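Quick note, in the working numbering, the sequence shown goes up one by one and the last residue is 102.
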Amino acid sequence: WWQIEHGFGSDWDRMEVYVSTNGGASWTMIWRRDSDDPDMNWHEESVDLTPYTGNNVMIRFSFDTVDGLYNNYEGWYVDDVYVDVSQ
């Protein structure tokens, strides 16, 4: 689940999720969203990790303000993260 505050009808901020299979030496972006959410509700999100089956993975959540404007606000909230192994 994720939620981000919205302001000024633009994509001022950016949310990204990365995965690493080598202990964090390098990262691959697997999800990205700009802060264009006008309703400010919580959203359930699913990211497919099938390409990384059989690997030990690290997951990193990143929030980027992109610029130096309007950065005195709340950022990105992430909650109830889980990995589901469906077979």
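A virtual CB, placed ideally from N, CA and C, is assigned to each residue, including glycine.
Remember, it's a predicted structure, so these values are computed and weren't measured experimentally.
DSSP three-state assignment for residue i, whether helix, strand or coil
i	result
Gly43	Checking the sequence, you will find Thr at residue 43 rather than Gly. Note: Thr43 maps to strand in three-state DSSP.
Tyr88	coil
Tyr33	strand
Where residue i falls, given that 16 or more other Cβ within 10 Å makes a residue buried
i	result
Asp95	exposed
Ser50	buried
Met55	exposed
Nearest-angstrom beta carbon gap, residue j and residue i [assumed within contact, 8 Å]
i	j	result
Val81	Asp28	6 Å
Minimum Cβ-Cβ distance from residue i to chain C less than 8 Å
i	result
His58	The chain inventory of the structure shown lacks chain C, comprising one protein chain alone.
Cut-off 8 Å between Cβ atoms - residues of its own chain near residue i, not counting five sequence neighbours on either side
i	result
Val62	Val32, Ile45, Trp46
Gly83	none
Spatial neighbours of residue i in its chain, beta-carbon cut-off 6 Å, leaving aside the 5 residues before and after
i	result
Asp79	Arg29
Residues of its chain near residue i, where Cβ-Cβ distance is below 7 Å and the 5 sequence neighbours each way are ignored
i	result
Arg48	Met30
Thr43	Tyr33, Val34
Asn70	Thr36
Self-check item: Meets three-Cβ-pair contact criterion under 8 Å: the stretch 84 to 93 and the stretch 61 to 68
Solution: no
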